[in-house]
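Q:
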Amino acid sequence: MDARSRRSRESLRDAVLDLAGRMPISEVTVSSICAAAGVTRDTFYRHAENPVQLLADALSAEIDAAMEILPQTDAIGDGERALLEHIRRRASVYRGAMQPLLAAPVRSNLEASIRSGLLLWAELHSEIVPPVFAADASAMRIAVAYAAAGTVGAIEEWLRSDDDDIDRAVRLILAASPEWWLR
Numbered sequence: 744m745d746a747r748s749r750r751s752r753e754s755l756r757d758a759v760l761d762l763a764g765r766m767p768i769s770e771v772t773v774s775s776i777c778a779a780a781g782v783t784r785d786t787f788y789r790h791a792e793n794p795v796q797l798l799a800d801a802l803s804a805e806i807d808a809a810m811e812i813l814p815q816t817d818a819i820g821d822g823e824r825a826l827l828e829h830i831r832r833r834a835s836v837y838r839g840a841m842q843p844l845l846a847a848p849v850r851s852n853l854e855a856s857i858r859s860g861l862l863l864w865a866e867l868h869s870e871i872v873p874p875v876f877a878a879d880a881s882a883m884r885i886a887v888a889y890a891a892a893g894t895v896g897a898i899e900e901w902l903r904s905d906d907d908d909i910d911r912a913v914r915l916i917l918a919a920s921p922e923w924w925l926r
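According to this note's numbering, the sequence shown is numbered sequentially starting from 744.
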């Protein structure tokens, strides 16, 4: 991607995050994003199909940055904490994307980011993976899908509760997780 496209993408992401922090994403229009970003509709559609998809991409980029901690830590709770810090920082955006669950693109990208993080964690700490999953790639994908979907559900419930205690949320999510992830 060339420098101009990167600048446009960043301007669009900043605009949708700002607007979605002030109103439900269902009320954010392409026109309002373009005006806030200082770009044309043509530029918008080169980067996204609609405001919800742009929001999902913007949030995913932030989650990916937060998950850079995984290779530098020995505790999965640190990754969970980094994820929840991102969620809390963007709580108004996530809550504005809930009806009552997260909008499909936002939920899908959140789950995909968590799956990637879990797969990386399992790769970095292969000794924790039970033999039933270690020897069977399909079984491992099932375990990761289960853990990622459960984490997304827990995050949605946490957002609905208006509880911003990250330490408590981390403890609860990890307590609900299969023990082998925590070794």
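Glycine residues also receive a C-beta, built at the ideal position from the N, C-alpha and C atoms.
#1: Go to residue 869, then tell me how far its alpha helix (DSSP H) extends in each direction, as first and last residue.
#2: Please report the straight-line C-alpha distance between residue 912 and residue 892, rounded to a whole angstrom.
#3: If you check the beta carbons only, do residue 754 and residue 781 fall under 8 Å apart?
#4: Residue 835 to residue 902, Cα distance in whole Å?
#5: Might you give, ordered along the chain, the residues of its own chain that have their beta carbon closer than 6 Å to the beta carbon of residue 796, omitting 5 neighbours on each side?
#6: Whose CA, out of 925, 774, 833, 746, lies closest to the CA of residue 799?
#7: Going residue by residue through the stretch 819 to 856, where are the continuous beta strand (DSSP E) segments of at least 3 residues, counting only ones entirely within it?
#8: Would you check if the distance between the CB atom of residue 825 and the CB atom of residue 809 is smaller than 8 Å?
#9: Quick test of your reading: residue 888 and residue 858, contact by CB under 8 Å. State the CB separation rounded to the nearest angstrom.
#10: By the DSSP assignment, the alpha helix (DSSP H) with residue 796 in it spans what residues?
#11: For the alpha helix (DSSP H) containing residue 881, name the first residue and the last one.
#12: Do residue 898 and residue 932 have their beta-carbon atoms positioned less than 8 Å apart in this structure?
#13: Using the beta-carbon count (16 or more within 10 Å), is residue 794 buried or exposed?
#14: Nearest to residue 744 by alpha carbon, out of 760, 774, 769, 789?
#15: Assuming residue 885 contacts residue 926 (C-beta within less than 8 Å), just tell me the rounded distance between them.
#16: Taking DSSP as the reference, what is the three-state secondary structure of residue 921?
A: According to the data block:
#1: Sequence index remark: in the sequence shown, residue 869 carries index 126 (1-based). Per DSSP, residue 869 belongs to no alpha helix (DSSP H) and is neither H nor E.
#2: As a first step, residue 912 must be located in the sequence shown, where it is residue number 169. As a first step, residue 892 must be located in the sequence shown, where it is residue number 149. In this structure, the straight-line span from the alpha carbon of residue 912 to that of residue 892 is close to 16 Å.
#3: By one-based count along the sequence shown, residue 754 stands at place 11. By one-based count along the sequence shown, residue 781 stands at place 38. Taking 8 Å as the Cβ cut-off, residue 754 and residue 781 qualify as a contacting pair.
#4: Counting from one through the sequence shown, the residue named residue 835 turns up at place 92. Counting from one through the sequence shown, the residue named residue 902 turns up at place 159. Each residue's Cα considered, the two are about 9 Å apart.
#5: Sequence index remark: in the sequence shown, residue 796 carries index 53 (1-based). By the criterion of a C-beta distance shorter than 6 Å, residue 796 is surrounded in its chain by 848, once the five residues flanking it on both sides are discounted.
#6: Taking the sequence shown and counting its residues from 1, the one referred to as residue 799 is at position 56. Of the candidates 925, 774, 833, 746, the one whose C-alpha sits nearest the C-alpha of residue 799 is 833.
#7: Counting only runs that start and end inside the stretch 819 to 856, there is no beta strand (DSSP E) element of at least 3 residues.
#8: On the sequence shown, residue 825 is found 82 positions in, with the first residue counted as 1. On the sequence shown, residue 809 is found 66 positions in, with the first residue counted as 1. By the CB criterion at 8 Å, residue 825 and residue 809 fall inside the cutoff.
#9: In the sequence shown, counting from the first residue as 1, residue 888 sits at position 145. In the sequence shown, counting from the first residue as 1, residue 858 sits at position 115. For residue 888 against residue 858, the beta-carbon gap comes to about 7 Å, under 8 Å, which counts as contact.
#10: The count along the sequence shown starts at 1 and reaches residue 796 at position 53. From DSSP, the alpha helix (DSSP H) with residue 796 extends over 794 to 809.
#11: In the sequence shown, counting from the first residue as 1, residue 881 sits at position 138. Segment 880 to 904, the alpha helix (DSSP H) holding residue 881.
#12: There is simply no residue 932 to check, as the chain begins at 744 and stops at 926 in what is shown.
#13: Walking along the sequence shown from the start, residue 794 turns up at place 51. By the 16-neighbour rule on beta-carbons within 10 angstroms, residue 794 is buried.
#14: As a working mapping, residue 744 is identified with position 1 in the sequence shown. The shortest C-alpha separation from residue 744 is found at 789.
#15: As a first step, residue 885 is located in the sequence shown; it is residue number 142 there, counting from the start. As a first step, residue 926 is located in the sequence shown; it is residue number 183 there, counting from the start. Contact annotation, residue 885 with residue 926: C-beta distance approximately 19 Å; criterion of less than 8 Å not satisfied.
#16: Within the sequence shown, the letter at position 178 stands for residue 921. Correct three-state label for residue 921: coil.
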